[in-house]
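Colleague: Before I ask anything, here is the structure I am working with.
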Amino acid sequence: MGLRISTFGSYRRAIDRLRRVNLETNQLGERVASGRALTRPSDDPATTARALRYRDVLANVDQYRKNTALAESTLSVIDSALDTTTATINRIRELAVLGATGTQSAENRGLIAEEVKGLREQLLTSANTRLGDKYLFAGFASDQPAFDSAGTYVGDAGVSRVETGDGERTVTGIPGSDIFSPAGGVDVFAIVSQLETDLRANNAAGVQGSLEGLDTAVGQVIGQRSYLGSQLNRALRAKDNLDAVEVNFSKLSSQAEDLDMIDAISKFTQAQATLEATLKSTANILQTTLFNVI
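Okay, structure coming up:
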């Protein structure tokens, strides 16, 4: 009886060893096949936790990069629109100076008024600049024009922002009212409309009086363009920072997850040899066990 118990004990130990060796061989095979050092969390819980954190960081970097690209494209279009706006107001001012000259005839002022009218339409087009189907100066109400045909702001007070990094938010749009009719500033469309009216009425004094307002208008447009330009620079800096973060964490992720293929193949080959030897050993023990039972 003692011999049988001893033999069965040897058999159970052999089976346990066979299971362990088979499991190790299968795991090594999975790693070689996948090219990854970690195929399941239980392989190395601590390293797996680090790898997951690295993946989260890289996923965030990818989203931040998309946001940064959106900020860059949006702010570039806005900058171009405000550049055009500044040039248009400056041209209107030149016409106001010309129209204020005492030697101008009523007919000439009427002709100048026609050009001012056309330039006002250009201003309205710039104020209703779109990127795709989004009106960039309408605040959050970006599905509709920011200004109506009378030059009245019909958007809302929303300021658009996107995340371009951890704790970093970049402005991608401000209400058109902050540019064309800000509190404490001047109403650009009202000034230009009044200028046109004074020109048609041959009102030289009224035309002269528009110059100060036009100067203020240029200043407030330039001021907002400068602010939004600083946001564009912020987005570009964030882009450079994201590049550095991506390189760093991609390296860390690779170190945590990528497999040393030469070493893994060597271990897998050794494991296969061990498994084969264990199978033979277990078979011999099984034969001995059966013989003793018989």
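Numbering (this note's numbering), first residue to last: 2 to 295.
Virtual Cβ for every residue (Gly too), placed ideally from N, Cα, C.
Nearest-angstrom Cα distance between G156 and S194?
Modeller: On the sequence shown, position 155 is the one that residue 156 refers to. On the sequence shown, position 193 is the one that residue 194 refers to. In this model, G156 and S194 are separated by some 21 Å (Cα to Cα).
Colleague: Could you give the DSSP three-state label for V62: helix, strand or coil?
Modeller: Sequence index remark: in the sequence shown, residue 62 carries index 61 (1-based). It is helical.
Colleague: Helix, strand or coil, according to DSSP, for L132 in the structure here?
Modeller: Locating residue 132 in the sequence shown gives position 131, counting from the first residue. Residue state, collapsed to three classes: strand.
Colleague: Per DSSP, what kind of secondary structure is F141 in: helix, strand or coil?
Modeller: For this step, residue 141 is matched to residue 140 along the sequence shown. Of the three classes helix, strand and coil, the one that applies to F141 here is coil, per DSSP.
Colleague: With 16 other CB atoms within 10 Å as the buried threshold, where does Y136 fall?
Modeller: Counting from one through the sequence shown, the residue named residue 136 turns up at place 135. The residue in question, Y136, is buried, as its Cβ has 16 or more Cβ neighbours within 10 Å.
Colleague: Can you tell which of S143, N61, L196 has the C-alpha that lies nearest to the C-alpha of G133?
Modeller: For the purposes of this step, residue 133 is taken as the residue at position 132 of the sequence shown. For the residues S143, N61, L196, the minimum Cα distance to G133 belongs to S143.
Colleague: Are three or more beta carbon pairs between the segment 198-205 and the segment 151-166 nearer than 8 Å?
Modeller: no
Colleague: State whether the segment 206-220 contacts the segment 72-84, with contact taken as three or more CB pairs (one from each stretch) at a distance under 8 Å.
Modeller: no
Colleague: Any contact between the segment 66-78 and the segment 230-238? By contact I mean 3 or more CB pairs, one from each, below 8 Å.
Modeller: These segments touch.
Colleague: Since E103 and V208 are thought to touch, with beta carbons under 8 Å apart, how far apart are those beta carbons, to the nearest angstrom?
Modeller: Position 102 of the sequence shown, counted from the start, is the residue given in the question as residue 103. Position 207 of the sequence shown, counted from the start, is the residue given in the question as residue 208. The question names Glu, yet the displayed sequence has Gly at residue 103. The C-beta separation of G103 from V208 comes to about 11 Å, leaving the pair out of contact by the 8 Å criterion.
Colleague: Pull up the DSSP beta-bridge partners for F148, would you.
Modeller: Locating residue 148 in the sequence shown gives position 147, where the first residue counts as 1. For F148, which the question treats as bridged, DSSP gives the partners Y154.
Colleague: Following the continuous alpha helix (DSSP H) through V160, name the residue where it begins and the one where it ends.
Modeller: Looking up residue 160 in the sequence shown gives position 159. Premise fails: V160 is in no alpha helix (DSSP H) and is neither H nor E.
Colleague: For V117, which residues of its own chain have a beta-carbon under 7 Å away from its beta-carbon, when the five flanking residues on both sides are left out?
Modeller: To locate residue 117, count along the sequence shown from 1; it is residue 116. Excluding positions up to five away in sequence, the list reads I93, L96, V193, L196, E197, L200.
Colleague: Identify which residue in G140, L71, L124 has its Cα closest to the Cα of A158.
Modeller: Position 157 of the sequence shown holds residue 158. In terms of Cα proximity to A158, the closest of G140, L71, L124 is G140.
Colleague: Rounded to whole angstroms, what is the Cα-Cα separation between G174 and T69?
Modeller: As a first step, residue 174 must be located in the sequence shown, where it is residue number 173. As a first step, residue 69 must be located in the sequence shown, where it is residue number 68. Between G174 and T69, the alpha-carbon positions lie close to 13 Å from each other.
Colleague: Pull up the CB-CB distance for A114 and G177, whole angstroms please, since I reckon it's below 8 Å.
Modeller: Mapped onto the sequence shown, residue 114 falls at position 113. Mapped onto the sequence shown, residue 177 falls at position 176. Wrong, their Cβ atoms sit about 25 Å apart, outside the cutoff.
Colleague: Are there 16 or more other CB atoms within 10 angstroms of the CB of D179, so buried, or fewer, so exposed?
Modeller: Numbered from 1 along the sequence shown, position 178 holds the residue referred to as residue 179. It counts as buried.
Colleague: Which class does T126 belong to by DSSP, given the choice of helix, strand or coil?
Modeller: Taking the sequence shown and counting its residues from 1, the one referred to as residue 126 is at position 125. If DSSP states are grouped into helix, strand and coil, T126 belongs with the helices.
Colleague: Inspect the beta-carbon positions of T171 and A236 and report whether they are closer than 9 Å.
Modeller: Working through the sequence shown from its first residue, we reach residue 171 at position 170. Working through the sequence shown from its first residue, we reach residue 236 at position 235. Yes.
Colleague: State the start and end residues of the unbroken beta strand (DSSP E) segment that holds T171.
Modeller: Here residue 171 refers to the residue found at position 170 when the sequence shown is read from its first residue. 169-174 is the extent of the beta strand (DSSP E) around T171.
Colleague: For a test of the three-state rule: what should DSSP assign to R21, helix, strand or coil?
Modeller: Residue mapping note: residue 21 aligns to position 20 of the sequence shown, counting from 1. Reduced to three states, the DSSP call for R21 is helix.
Colleague: Would you kindly work out how many angstroms separate the C-alpha atoms of G186 and D57, rounded to a whole number?
Modeller: Here the question's residue 186 lines up with position 185 in the sequence shown. Here the question's residue 57 lines up with position 56 in the sequence shown. So the two alpha carbons sit approximately 46 Å from each other.
Colleague: Does the Cβ-Cβ distance between L125 and G152 come in under 9 Å?
Modeller: The count along the sequence shown starts at 1 and reaches residue 125 at position 124. The count along the sequence shown starts at 1 and reaches residue 152 at position 151. For L125 and G152, yes; Cβs fall inside 9 Å.
Colleague: A245 to R226, Cα distance in whole Å?
Modeller: Within the sequence shown, numbered from 1, the residue matching residue 245 stands at position 244. Within the sequence shown, numbered from 1, the residue matching residue 226 stands at position 225. C-alpha separation (whole angstroms): 29 Å.
Colleague: When you compare only the Cα positions, how much space is there between V62 and L243?
Modeller: For the purposes of this step, residue 62 is taken as residue 61 along the sequence shown, with counting starting at 1. For the purposes of this step, residue 243 is taken as residue 242 along the sequence shown, with counting starting at 1. Roughly 6 Å between the two C-alpha positions.
Colleague: How is the alpha helix (DSSP H) around V193 delimited, first residue to last?
Modeller: As a working note, residue 193 is residue 192 in the sequence shown. Looking at the DSSP string, the run of the alpha helix (DSSP H) that includes V193 is 189-201.
Colleague: Can you tell me which of V189, D241, K240, R66 puts its alpha carbon nearest to the alpha carbon of N91?
Modeller: What you label residue 91 is simply residue 90 of the sequence shown in a count that begins at 1. The candidate whose alpha carbon is nearest that of N91 is V189.
Colleague: Could you give the distance in angstroms between the alpha-carbon of G210 and the alpha-carbon of I223?
Modeller: Locating residue 210 in the sequence shown gives position 209, where the first residue counts as 1. Locating residue 223 in the sequence shown gives position 222, where the first residue counts as 1. Cα to Cα, the separation comes out at about 21 Å.
Colleague: Measuring CB to CB, does T89 end up less than 9 Å from L120?
Modeller: The residue given as residue 89 occupies position 88 in the sequence shown. The residue given as residue 120 occupies position 119 in the sequence shown. Their beta carbons are under 9 Å apart, which means T89 touches L120 by this criterion.
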